[in-house]
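Numbering (our numbering), first residue to last: 812 to 1112.
This is how it looks when you write it as structure tokens:
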């Protein structure tokens, strides 16, 4: 049986779902199958001679160049992932397998577009770790971030604050005006909490009308307490729901690491006790935990 010509072989290659490209020792494209046009949005003729690294997402260029160097040194790469900028400006997630041909002095790579897979994975992760109503981190993500914050605070011998925020008489809003009003309240509170903290802090919804804040790298407890008092003032500002005036308030409990708890469970318990002290004292108060086992606190409301 006669061997296929290069032209017919190229036709077969163009039918593959994967893209095949050849890059010279200087990182410039020498050959691209039609699959590359589907992935990158450029015609092959537009890419020949162009440096491959120009298409790579800026944040991925350093490790991509490192991988290219390792391939040229004889290390075959399988399932290497990076991002590229398409002609239309969209980001494409690519999975590569590549090797170096010493005889030809070229890198030969097979690429698969995994953008849809990555997007689906991100959606599933968002569903798993974020509250669908407020879009805040949920309990699972909060616990993971708190654990990371505690590890960082121990390593740096720093301090962090953990705040429990529980809305007062929230059930009355649901009972009197319905769940649509309650949902609006929860969204309003989420926005206020986010605007009241730093970008490095974590605001999460634990469920129902319970929220939590993790403040990293705290240096001044008084400043934290002052910020929370300001938050309470903002929460009390009335707003309208279908011409019905609504006014919220919250009971807040706060505990500091390492003063009120040395680990996650003890710090959570201290902040929770402080919040219930504020709630049982009439609500609309801020209580700070103390080191006393009887859960006494100091009222800052």
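C-beta: ideal position from N, C-alpha, C; glycine also.
Classification of residue 1093 by the beta-carbon crowding that lies within 10 angstroms, buried from 16 upward: For the purposes of this step, residue 1093 is taken as the residue at position 282 of the chain shown. Of the other Cβ atoms in all chains shown, fewer than 16 fall within 10 Å of the Cβ of residue 1093; this residue is therefore exposed.
Own chain partners of residue 917 with C-beta closer than 7 angstroms, once the 5 adjacent residues on each side are dropped: Reading the chain shown from its first residue, position 106 is the one you call residue 917. Counting only Cβ-Cβ distances below 7 angstroms, and skipping sequence neighbours, we find 833, 834, 835, 841.
Runs of alpha helix (DSSP H) lying entirely within the region 831 to 859, each at least 4 residues, in chain order: Counting whole runs of 4 or more residues, the region 831 to 859 contains the alpha helix (DSSP H) stretches 845 to 851, 855 to 858.
contact_flag[the region 969 to 983, the region 1020 to 1034] where n(CB pairs < 8 angstroms) is 3 or more: Output reads yes: the region 1020 to 1034 touches the region 969 to 983.
Contact check, residue 1032 vs residue 1067, beta carbons under 8 angstroms: Locating residue 1032 in the chain shown gives position 221, counting from the first residue. Locating residue 1067 in the chain shown gives position 256, counting from the first residue. Note that the C-beta distance between residue 1032 and residue 1067 is below 8 angstroms.
Burial state of residue 1009, where buried means 16 or more other Cβ atoms lie within 10 Å: As a first step, residue 1009 must be located in the chain shown, where it is residue number 198. By the neighbour-count rule (16 or more Cβ atoms within 10 Å), residue 1009 is not buried but exposed.
Runs of alpha helix (DSSP H) wholly within the region 969 to 1018 (minimum 4 residues, chain order): Taken in chain order, the whole alpha helix (DSSP H) runs of length 4 or more contained in the region 969 to 1018 are 981 to 988, 990 to 1007.
Span of the beta strand (DSSP E), counted from its first residue to its last, around residue 1031: Sequence index remark: in the chain shown, residue 1031 carries index 220 (1-based). From DSSP, residue 1031 is part of no beta strand (DSSP E); its letter is neither H nor E.
Where residue 938 falls: helix, strand or coil (DSSP): Position 127 of the chain shown, counted from the start, is the residue given in the question as residue 938. DSSP, reduced to helix, strand and coil, places residue 938 within a helical segment of the structure shown.
Status (buried if at least 16 other CB within 10 Å, exposed otherwise) for residue 1090: Taking the chain shown and counting its residues from 1, the one referred to as residue 1090 is at position 279. That one is buried.
Under the three-state DSSP convention, the category residue 862 falls into: Position 51 of the chain shown, counted from the first residue, corresponds to residue 862. Residue 862 falls in the strand class under three-state DSSP.
Start and end residues, alpha helix (DSSP H) containing residue 882: Along the chain shown, one-based indexing puts residue 882 at 71. For residue 882, the enclosing alpha helix (DSSP H) covers residues 872 to 883.
Sub-8 angstroms separation of residue 905 and residue 924 beta-carbons: Within the chain shown, numbered from 1, the residue matching residue 905 stands at position 94. Within the chain shown, numbered from 1, the residue matching residue 924 stands at position 113. Closer than 8 angstroms, so yes.
Exposed unless 16 or more other CB atoms sit within 10 angstroms - verdict on residue 1062: Working through the chain shown from its first residue, we reach residue 1062 at position 251. Counting the other Cβ atoms within 10 Å of the Cβ of residue 1062 gives 16 or more, which makes it buried.
Burial state of residue 1083 (16 or more Cβ within 10 Å): For this step, residue 1083 is matched to residue 272 along the chain shown. Per the 10 Å Cβ criterion, buried.
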